[in-house]
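Add 2 to a position in the sequence shown, counting from 1, and you land on the number used in the working numbering.
Encoded as structure tokens, the structure appears first; notes follow it.
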Amino acid sequence: MFANGIAMSSGGLELLTIKIQKMTIENTNDNIPTTHTITYSECYRLPFLSLFHADCMDIMKQYPDKYFDLAIVDPPYGIKWSDRTDESFVKRHNKTKAFNSDMKWDNKPNELYFKELKRVSKEQMVWGINYFSSYFEKFIPIYWNKMNGESQYSDGELCGITFSNKSRIINHAYIGRYNPEPLKIHPTQKPTFIYEKLLGWYATEGMKILDTHFGSGSIALAVDKANRLDKMNLHLTACEIDKEYIDKAIKRISESIKQGTLSF
3 MFANGIAMSS GGLELLTIKI QKMTIENTND NIPTTHTITY SECYRLPFLS
53 LFHADCMDIM KQYPDKYFDL AIVDPPYGIK WSDRTDESFV KRHNKTKAFN
103 SDMKWDNKPN ELYFKELKRV SKEQMVWGIN YFSSYFEKFI PIYWNKMNGE
153 SQYSDGELCG ITFSNKSRII NHAYIGRYNP EPLKIHPTQK PTFIYEKLLG
203 WYATEGMKIL DTHFGSGSIA LAVDKANRLD KMNLHLTACE IDKEYIDKAI
253 KRISESIKQG TLSF
């Protein structure tokens, strides 16, 4: 079924009407296999996005081999954020779910996850590759330099790609008060700029992209921007098991629409 349409306006001129479709997998007409029944079946739809409230393992099982052109994923590293007690971290995150020891988002995926990921996607781009290198025979690193100086935080993060021989560096400050984006809605949120760079370097027109851990939805903002400005015609299929983060991500997207940065 469809949620209520949301009309956006700027200066009295109505620009956008958004309809987010909430459906069961059994009712989709998007050529998604429907032979399996899964626990979660909600799917929030936008022209460039299918966002499933579900375990990504259940969703990937619905797709045939190599259905997606590219998987861009940021799985949990399993570094036990809930155990962090340093003062600055607590101050920044004590109002988030980061300290809930039962949080599903911090469960590090196992070999079965990567086997299924490689089955449904032709190529992969994996954040935290230093935690998952044993699951890949070959990868080329992309290094995100956070430019955080003498901060107590990590100097950067690694992303591994399976389809290029060229290593790259992304220089983008992203720490505390230097964070150019609004307050984080997810403990491991990536800046939209990072995804914009990745798509600019590696995405080609008409690609079907998979994100198994949607989190804050930064990748969705980057996909829409690539479609609007560069006419890339990308489609993102994403999964998020936590309804609270889905709601926050949808709100984030809606706020971007109000600012006139997205078009649907």
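Quick reminder that beta carbons are idealized off the backbone N, C-alpha and C, glycines included.
Just so we're clear, the structure is a prediction, and the values are computed from it rather than from any experiment.
| Item | Value |
| --- | --- |
| Any chance the stretch 187-204 sits against the stretch 44-62, with 3 or more Cβ pairs inside 8 Å? | no |
| So for N147, helix, strand or coil by DSSP? | strand |
| Report the CB separation of V128 from C161 in whole angstroms; it is logged as a contact under 8 Å. | 7 Å |
| Counting along the chain, where does the beta strand (DSSP E) carrying I172 start and finish? | R170 to N173 |
| When you compare each of K148, G151, H188 and K124 to I163 by their alpha carbons, which one comes out closest? | K124 |
| Would you identify the three-state DSSP class for M209, choosing helix, strand or coil? | coil |
| Could you give the DSSP three-state label for A251: helix, strand or coil? | helix |
| Can you tell me the Cα-Cα spacing of Y79 and K110, whole angstroms? | 5 Å |
| Residues in the same chain with beta-carbon distance under 6 Å from A73, minus the five sequence neighbours each way, listed in chain order, please. | L119, S123, Q126 and L212 |
| Spell out a yes or no on whether the stretch 148-156 and the stretch 194-207 are touching, meaning 3 or more CB-CB pairs, one atom from each, closer than 8 Å. | no |
| Which residue comes first and which comes last in the beta strand (DSSP E) that contains A224? | Note, A224: premise wrong, no beta strand (DSSP E); alpha helix (DSSP H) at S220 to D232. |
| Which residues does DSSP pair with W129 in a beta bridge? | C161 |
| Count the other CB atoms within 10 Å of the CB of P66; is the residue buried (16 or more) or exposed (fewer)? | exposed |
| CA-CA distance, E198 and R254? | 17 Å |
| Return no unless some Cβ of chain D is closer than 9 Å to the Cβ of P193. | No chain D appears in the structure shown, which is made up of a single protein chain. |
| Tell me whether E44 sits in a helix, a strand or coil according to DSSP, three-state version. | strand |
| With DSSP collapsed to three states, give me the class of L114. | helix |
| Taking DSSP as the reference, what is the three-state secondary structure of I243? | coil |
| Within 10 angstroms of the Cβ of E139, are there 16 or more other Cβ atoms? Answer buried if so, exposed if not. | exposed |
| Below 7 Å CB to CB, which residues in the same chain sit around G219 once its five sequence neighbours on both sides are set aside? | A251, R254 and I255 |
| Tell me the DSSP secondary structure of S136 in three-state form. | helix |
| Along the chain, where does the beta strand (DSSP E) that runs through F54 open and close? | L51 to H55 |
| Can you name the start and end residues of the alpha helix (DSSP H) that D60 belongs to? | C58 to M62 |
| Taking all protein chains shown into account, do 16 or more other C-beta atoms lie within 10 angstroms of the C-beta of D267, making it buried, or fewer, making it exposed? | What the structure shows of the chain is the stretch from 3 to 266, and residue 267 is not part of that stretch, so it cannot be assessed. |
| Excluding the five sequence neighbours on either side, which residues of its own chain have a C-beta within less than 6 Å of the C-beta of Y69, listed in chain order? | V122 |
| State the Cα-Cα distance for the pair A228 and H237, rounded to the nearest angstrom. | 11 Å |
| Going by beta carbon distance, what residues of the same chain come within less than 7 Å of V209, once the five residues before and after it are set aside? | First, the amino acid is wrong: residue 209 is Met here, not Val. Closer than 7 Å at the Cβ level, and outside the excluded window around M209, lie D71, L72 and L236. |
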